[in-house]
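Here is the structure we will look at, set down as structure tokens.
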Amino acid sequence: MKTKVGIIGAGPAGLMLSHLLHLEGIDSIVLESRSREEIEGTIRAGVLEQGTVDLINAAGLGERMMKEGKIHHGIELQYNGQRHRVNMHELTEGKEIMVYPQHEVIKDLVSARLDAGGEIFFNVEGVTLHGISTESPQILFSDFDGEAHELHCDFIAGCDGFHGPSRKMIPELFRQEKQKIYPFGWLGILAETPIANPELIYANHDRGFALLSTRTPELQRHYIQVDPKDDISNWSDDRIWTELKTRVDTNDGWELPDGPIVQKNIVSMRSFVCEPMQYGRLFIAGDAAHIVPPTGAKGLNLAMTDIQVLKQGISRFYRFGEKELLNKYSEIALRRVWKAQRFSYWMTTMLHTDHNKTSFERSIQLSELDYVTSSRAALKSLAENYVGLPLEWEGSSLLV
Ligand code: APR
Ligand code: PHB
14 MKTKVGIIGA GPAGLMLSHL LHLEGIDSIV LESRSREEIE GTIRAGVLEQ GTVDLINAAG
74 LGERMMKEGK IHHGIELQYN GQRHRVNMHE LTEGKEIMVY PQHEVIKDLV SARLDAGGEI
134 FFNVEGVTLH GISTESPQIL FSDFDGEAHE LHCDFIAGCD GFHGPSRKMI PELFRQEKQK
194 IYPFGWLGIL AETPIANPEL IYANHDRGFA LLSTRTPELQ RHYIQVDPKD DISNWSDDRI
254 WTELKTRVDT NDGWELPDGP IVQKNIVSMR SFVCEPMQYG RLFIAGDAAH IVPPTGAKGL
314 NLAMTDIQVL KQGISRFYRF GEKELLNKYS EIALRRVWKA QRFSYWMTTM LHTDHNKTSF
374 ERSIQLSELD YVTSSRAALK SLAENYVGLP LEWEGSSLLV
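Per this note's numbering, the very first residue in the sequence shown carries number 14; after that it's consecutive.
Quick look at the structure:
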């Protein structure tokens, strides 16, 4: 079997890369270990930066997103029981974000690829990478029926998430992994209730952080900070609602609507970066290369910016035989990755409650929230990071 770009992983990174390459007339094959139903049904994040929305629209995939997604012009930060609106639209001269769940983006991408005759192998097993430092690397795998295949390609895109095999193929001598594990976990729920608030609320409280988000007018996504080692069986629906209400309470009669919880789970939080993001003909992108804590809503968006650099590098290679951008992929992508890491780390430490901190540090944290919500300069900085920073190379934008 032969293709130009062998893509491992049908997450947002792998699928978007395959779609964008197709638009440039470059063929690729996507290998995914899970089933189509599973990737389309896994609940993940939900906030798209302006640049991600622009990319999805420019790639001809935006029809459902523009109908069913919700544009938000701001967020609210809450501390000491008071809410403070961050008017991102005004602070960024007209930029906005879109609340549209990641698994809906996945559905749109899968159907666009399949409609265009794109090849996605679901339920593959035993993916291994070979010859990545040669000009004709190969991927070995078994398909759904257990038949073994050898995929020969010019490039391999490792878009296989944090646990995939690609990153580990960069020899240890050349690979540096930098990470921070936080003492925080997020207990996330999907609840059948009306929308709590027209915009997302990020709340700091002595008992821990809480976030109110949304999926549809009938289905809401909320989170509370818990111990990352806690077990979901310790959390009855009643206990979750009581804790959530305590943390987002404003003492002015506002009430959080509650209702049946249809899904709940706990995830731990980490920041992680692998440097470099390339070795020979292997390029890693998205969660395979970096993880951010969800407080900045950057995971999916960072995957999309990696892919835009990679797609342009590959496209220049085939169009003009030019390797310069491809050789700079890691450098360009990492520059933006680190900025998003900084922002996600900052949002996480500013908003979560760490009971190991001293009362001095807690007062500094509250003072930071006071500063951020009262200084136009600080608000502008938060807003430009939240809607998404530019991605530039040699003075011109690499975003669509
Ligand atoms: N073989 C084939 N596919 C694999 C393998 C493997 N050995 N290991 C993992 N995969 C697949 C996973 O099943 C998954 O569908 O790779 C895909 C990786 O997708 P994501 O984890 O969604 O990662 P990515 O595409 O980088 O998307 C960005 O950022 O913060 C997150 O929620 C956000 O998932 C989003 C991610
Ligand atoms: C979500 O809706 O899942 C969500 C929103 C904002 C975040 C993280 C997750 O910062």
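All residues carry an ideal CB built from backbone N, CA and C; glycine is no exception.
Closest Cα partner of Glu344 within the set Met290, Glu407, Lys370 and Asp367: Counting from 1 along the sequence shown, the entry for residue 344 is found at position 331. Of the candidates Met290, Glu407, Lys370 and Asp367, the one whose C-alpha sits nearest the C-alpha of Glu344 is Met290.
Taking 6 Å as the limit between beta carbons, can you name the residues of its chain near Ala302, skipping five residues before and five after? Start at 1 with the first residue of the sequence shown, and residue 302 comes out as number 289. Counting only Cβ-Cβ distances below 6 Å, and skipping sequence neighbours, we find Cys287 and Met290.
So, is Arg234 buried or exposed, given that buried needs 16 or more other C-beta atoms within 10 angstroms? Walking along the sequence shown from the start, residue 234 turns up at place 221. By the neighbour-count rule (16 or more Cβ atoms within 10 Å), Arg234 is buried.
On the three-state DSSP scale, how would you describe Ala71? In the sequence shown, the residue the question calls residue 71 occupies position 58. DSSP places Ala71 in helix when its eight states are reduced to three.
The region 15-31 touching the region 170-189, judged by at least three CB pairs closer than 8 Å: The region 15-31 is in contact with the region 170-189.
Only counting the same chain, and skipping five residues up and downstream in sequence, which positions put a Cβ closer than 7 Å to that of Gln63? The residue given as residue 63 occupies position 50 in the sequence shown. Once the five neighbours on either side are set aside, the close Cβ partners of Gln63 are Lys108, Glu109, Ile110, Val400 and Gly401.
Given that a residue counts as buried once 16 or more other Cβ atoms are within 10 Å of its Cβ, and exposed if not, what is Glu138? For the purposes of this step, residue 138 is taken as the residue at position 125 of the sequence shown. Answer is exposed; the Cβ neighbour count stays below 16.
Residues that Ile52 bridges to, as DSSP identifies them: Start at 1 with the first residue of the sequence shown, and residue 52 comes out as number 39. Under DSSP, no beta-bridge partner is assigned to Ile52.
Paired residues, beta bridge with Ala170 - DSSP: If you number the sequence shown from 1, residue 170 lands on position 157. For Ala170, which the question treats as bridged, DSSP gives the partners Ile20 and Phe296.
What are the boundary residues of the beta strand (DSSP E) that Met282 is part of? Position 269 of the sequence shown, counted from the start, is the residue given in the question as residue 282. Ile274 to Glu288 is the extent of the beta strand (DSSP E) around Met282.
Starting from the C-beta of Leu33, find all residues in its chain whose C-beta is less than 8 Å away, skip the five residues before and the five after it, and write them out in chain order. Numbered from its first residue, the sequence shown carries residue 33 at position 20. Around Leu33: Ala72, Ile320, Gln321 and Lys324.
Return the CA-CA distance between Asp40 and Ser31, expressed in angstroms with no decimal places. Along the sequence shown, read from residue 1 onward, the residue named residue 40 stands at position 27. Along the sequence shown, read from residue 1 onward, the residue named residue 31 stands at position 18. Taking the straight line joining both Cα atoms gives about 8 Å.
Can you give the beta carbon distance from Phe154 to His162, rounded, assuming they're within the 8 Å contact cut? Position 141 of the sequence shown, counted from the first residue, corresponds to residue 154. Position 149 of the sequence shown, counted from the first residue, corresponds to residue 162. About 6 Å; that satisfies the 8 Å criterion.
Just reading off the alpha helix (DSSP H) that Gly27 is part of, what are its end residues? Numbered from 1 along the sequence shown, position 14 holds the residue referred to as residue 27. Start and end: Pro25 to Leu36.
For the ligand PHB, I want to know if Ala58 counts as a neighbour, meaning its beta carbon is within less than 7 Å of at least one of the ligand's heavy atoms. On the sequence shown, residue 58 is found 45 positions in, with the first residue counted as 1. Yes, the beta carbon of Ala58 sits closer than 7 Å to at least one heavy atom of the ligand PHB.
Bounding residues of the alpha helix (DSSP H) (the contiguous stretch that carries Arg220): As a working mapping, residue 220 is identified with position 207 in the sequence shown. Taken as a continuous stretch (DSSP letters only), Arg220 belongs to no alpha helix (DSSP H), as it is neither H nor E.
Where Gly139 sits in the DSSP three-state scheme: Walking along the sequence shown from the start, residue 139 turns up at place 126. Strand at Gly139.
Could you tell me which of Val413, Glu50, Thr227 and Phe134 sits nearest to Gly27, measuring between CA atoms? Start at 1 with the first residue of the sequence shown, and residue 27 comes out as number 14. Of the candidates Val413, Glu50, Thr227 and Phe134, the one whose C-alpha sits nearest the C-alpha of Gly27 is Phe134.
Span of the alpha helix (DSSP H), counted from its first residue to its last, around Leu323: Here residue 323 refers to the residue found at position 310 when the sequence shown is read from its first residue. Start and end: Gly312 to Phe333.
So, at 6 Å on beta carbons, what are the nonlocal neighbours of Gly309 in its own chain, with the 5 sequence-adjacent residues on each side left out? Position 296 of the sequence shown, counted from the start, is the residue given in the question as residue 309. Here the set comprises Phe356, Ser357 and Met360.
Nearest neighbour of Gln238, chosen from Glu397, Leu225, Leu232 and Met14 [CA to CA]: For the purposes of this step, residue 238 is identified with residue 225 of the sequence shown, where counting begins at 1. Looking at the Cα atoms, Leu225 is the closest of the given residues.
Between Leu295 and Ala390, what straight-line distance do the alpha-carbon atoms span, to the nearest angstrom? Translated into the one-based positions of the sequence shown, residue 295 becomes position 282. Translated into the one-based positions of the sequence shown, residue 390 becomes position 377. Cα to Cα, Leu295 sits roughly 41 Å from Ala390.
Neighbour-count burial assignment, Val60, 16 or more Cβ in a 10 Å radius: Residue mapping note: residue 60 aligns to position 47 of the sequence shown, counting from 1. By the neighbour-count rule (16 or more Cβ atoms within 10 Å), Val60 is buried.
Between the region 72-83 and the region 361-375, can you find at least three pairs of beta-carbon atoms closer than 8 Å? With the rule of 3 Cβ pairs closer than 8 Å, the region 361-375 does not count as touching the region 72-83.
Identify the residues that DSSP records as bridge partners of Arg234: which are they? Translated into the one-based positions of the sequence shown, residue 234 becomes position 221. Leu203 and Ser226.
Alpha carbon to alpha carbon, how far is Arg329 from Tyr292? Give it in angstroms, no decimals. One-based indexing of the sequence shown puts residue 292 at position 279. One-based indexing of the sequence shown puts residue 329 at position 316. Taken atom to atom, the span from the alpha-carbon of Tyr292 to that of Arg329 is near 19 Å.
Answer yes or no: do Val280 and Gly198 have a C-beta to C-beta separation smaller than 8 Å? If you number the sequence shown from 1, residue 280 lands on position 267. If you number the sequence shown from 1, residue 198 lands on position 185. Their beta carbons are under 8 Å apart, which means Val280 touches Gly198 by this criterion.
How about Ser46: is its Cβ closer than 7 Å to a heavy atom in the ligand APR? Counted from its first residue, the sequence shown places residue 46 at position 33. Indeed, a heavy atom of the ligand APR lies less than 7 Å from the Cβ.
Just checking Asp300 against the ligand APR - is the residue's beta carbon closer than 7 Å to any of the ligand's heavy atoms? Within the sequence shown, residue 300 is the residue found at index 287, counting from 1. Within the cutoff, so yes.
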